[in-house]
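All remarks here apply to the structure that follows.
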Amino acid sequence: MSIIDVVSSAFLLIGAGFALLAGIGLQRFDDVFSRMHAATKAVTFGIGFVCIGAILQMDGGPDITKLVLVIVFQFATAPVAAHMVSRAVQRAGTEMADSTIVDELAQARRPAAEQAADPRPNQTR
0 MSIIDVVSSA
10 FLLIGAGFAL
20 LAGIGLQRFD
30 DVFSRMHAAT
40 KAVTFGIGFV
50 CIGAILQMDG
60 GPDITKLVLV
70 IVFQFATAPV
80 AAHMVSRAVQ
90 RAGTEMADST
100 IVDELAQARR
110 PAAEQAADPR
120 PNQTR
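End of the sequence shown = 124 in numbering that gives the first Met the number 0, gap-free, step of one.
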């Protein structure tokens, strides 16, 4: 077993760990916003680490190019998609968990007169 095999295995295990954390986050978090954060961030890193581990095992050529493109597209599209879904969910009026203190998007969407009268900017309570 070479050093490349050990490093590759470490990357694969770290990636699997991030995927596991995403699954746990989906079960444990309170609201859709927190769950979306767990799903996109942890899975994005998990896929990145798994692809890097697979790249280390490749001999070269088009397979490495495809895996690099998977990493690039995952890091480019997952955060944007999560952002757009969260804005749609927020506009639909989905309530946040009771433990949420700051809602910057709701603050930005309130009328200017209402914002000026609020002594605690960026807080919904």
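Heads up, the beta-carbon is just placed ideally off N, CA and C, and yes, glycines get one too.
It is roughly 9 Å from the alpha-carbon of alanine 38 to the alpha-carbon of isoleucine 23. By a beta-carbon distance limit of 8 Å, leucine 55 contacts isoleucine 3. Their separation comes to about 6 Å.
Counting other Cβ atoms within 10 Å of its Cβ, alanine 75 stays below 16 and is therefore classed as exposed. Comparing C-alpha distances from valine 5 to each of Arg90, Ser33, Phe44 and Ala53 shows the shortest one belongs to Ala53.
Within a 10 Å sphere around the beta-carbon of alanine 21 sit 16 or more other beta-carbons, which makes this residue buried.
With contacts defined by Cβ atoms closer than 7 Å, valine 49 and leucine 25 do not form a contacting pair.
Secondary structure note for isoleucine 3: its alpha helix (DSSP H) is the uninterrupted segment 2–27. Taking a 10 Å sphere around the C-beta of methionine 0, we find fewer than 16 other C-beta atoms and assign the residue as exposed. Between glycine 14 and isoleucine 46, the beta carbon gap of about 7 Å places them in contact (Cβ cut-off 8 Å). Separation of serine 8 and methionine 95 (C-alpha to C-alpha, rounded to the nearest whole angstrom) is 39 Å. Excluding residues up to 5 positions away in sequence, Asp29 lie with their Cβ nearer than 8 Å to the Cβ of serine 98 in the same chain.
Taking the C-beta atoms as reference points, alanine 81 is found nearer than 7 Å to methionine 35.
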